[in-house]
Amino acid sequence: MTSVRPKLKPETPKAVTAWATATGRSVWLSAEGSWTEDARRLGVFIGAEAEARLAAANRQEELVTDPYFMEVTHTGEITGRETLRESMRAAPALGARP
14 MTSVRPKLKP
24 ETPKAVTAWA
34 TATGRSVWLS
44 AEGSWTEDAR
54 RLGVFIGAEA
64 EARLAAANRQ
74 EELVTDPYFM
84 EVTHTGEITG
94 RETLRESMRA
104 APALGARP
């Protein structure tokens, strides 16, 4: 299942995020290619590399569900139209309390 999200330009820095299939927790793809629950370790991808990383994530249904791009800065800070939503998803991973 996927939901409609804004289309980001190829030159826009992106992170790949999803939900861990086993736990339902928010996860992010690290620069090394592994999944992490720590949003501070997310990888920042641009252009063809970003598209390749998302395509690979979509083939990992045993690990993650509904991977998608989220807009980030070049340093990995959450930004863009969905800032509030993505910040809320990242809050538990960053040690924030409800």
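Everything in the sequence shown is counted per the working numbering, starting at 14 for the first residue and increasing by one. Cβ atoms here follow ideal geometry from the backbone N, Cα and C, with glycine treated the same way. For clarity, every value in this text was computed on a predicted model and none was experimentally measured.
In its own chain, which residues sit with a C-beta less than 7 angstroms from the C-beta of T86, not counting the 5 before and 5 after it? Residue mapping note: residue 86 aligns to position 73 of the sequence shown, counting from 1. P26 and T92, listed in sequence order.
Any idea which residues DSSP pairs T78 with across the strands? The residue labelled residue 78 in the question sits at position 65 within the sequence shown. Partner(s): W32.
Which residues DSSP lists as bridging S100, in chain order: As a position in the sequence shown, residue 100 is number 87, starting the count at 1. Looking at the DSSP assignment, S100 forms no beta bridge with any residue, so it has no partner.
DSSP has L42 in a bridge; who is on the other side? Translated into the one-based positions of the sequence shown, residue 42 becomes position 29. Paired residues: W48.
How about P80 and A70: do their beta carbons lie closer than 8 angstroms? Residue numbering aside, residue 80 sits at position 67 when the sequence shown is read from its first letter. Residue numbering aside, residue 70 sits at position 57 when the sequence shown is read from its first letter. Yes; because the gap between Cβ atoms is below 8 angstroms, this pair is in contact.
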